[in-house]
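Going by the working numbering, the sequence shown opens with residue 462, and the numbers climb by one from there.
Ideal Cβ positions, reconstructed from N, Cα and C, are used throughout, including at glycine.
Keep in mind that this is a model prediction, so the values were computed, not measured.
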Amino acid sequence: MSQALRLPLVLHTGRHVRSYNHLQGDIRRRKLFSFQKFFLRIDKNGTVSGTKSKDDPLSVLEITSVDVGVVAIKGLNSNYYLAIGRKGDLYGAVKFGIDCTLKERIEENGYNTYASAEWRNKKRQMFVGLNVHGKPLKGKKTRRKNTATHFLPIMVSCSLFGGRR
């Protein structure tokens, strides 16, 4: 019986197909538009909420890849990181820490969900979510299939964040 030689598949860039190291450190400037029709914002006090205003500078976010499928979200104008605490509270953190690591997943409907990479509640993931009034949901009350946790990342123009690149 002959053994087939198994070579790893290689992309034209020379990387192994399952090598995602090139995605680490990738920075995207976006607004997160919720299924509930709010833009996620982090204000200058670190308060997380939703706004209907499409021109709110506090809703411009930097989404940075920190690992495969894991991101950090920072308010560009507030300089606070989006964080989920151990008990599921959404807040803005001054410094990047374990509460700030979020698992990003693209759902079947094309929206993204963001779950705490560190904390769980009774073995269930805790998600970033906004209710119908734009208030943050407690992570303990959220589920992946709940549309209150679904966000569309929308590209922003340079004028919304002062032209910085």
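Item: Interface flag, Ile503 vs chain B, CB-CB below 7 Å; Value: Among the protein chains of the structure shown there is no chain B, as only one such chain exists.
Item: Three-state class that DSSP yields for Thr603 in the structure shown; Value: coil
Item: For Gly507, the nearest candidate out of Asp528, Lys498, Gly549, Lys556 (CA to CA); Value: Lys556
Item: For Asp560, the three-state DSSP class (helix, strand or coil); Value: helix
Item: In DSSP terms, what Thr608 is bridged to; Value: Answer is none; Thr608 lacks a bridge partner.
Item: Contact the stretch 547 to 563 vs the stretch 609 to 618: 3+ CB pairs below 8 Å; Value: no
Item: Opening and closing residue of the beta strand (DSSP E) in which Glu636 lies; Value: The displayed coordinates of the chain run from 462 to 626. Any statement about residue 636 would go beyond what the structure contains.
Item: Whole-angstrom distance between Leu493 and Met616, CA atom to CA atom; Value: 9 Å
Item: Residues that DSSP places opposite Gln586 in a beta bridge; Value: Arg581
Item: Residues near Leu613 by beta carbon distance below 6 Å, same chain, minus five either side; Value: Phe494, Tyr572
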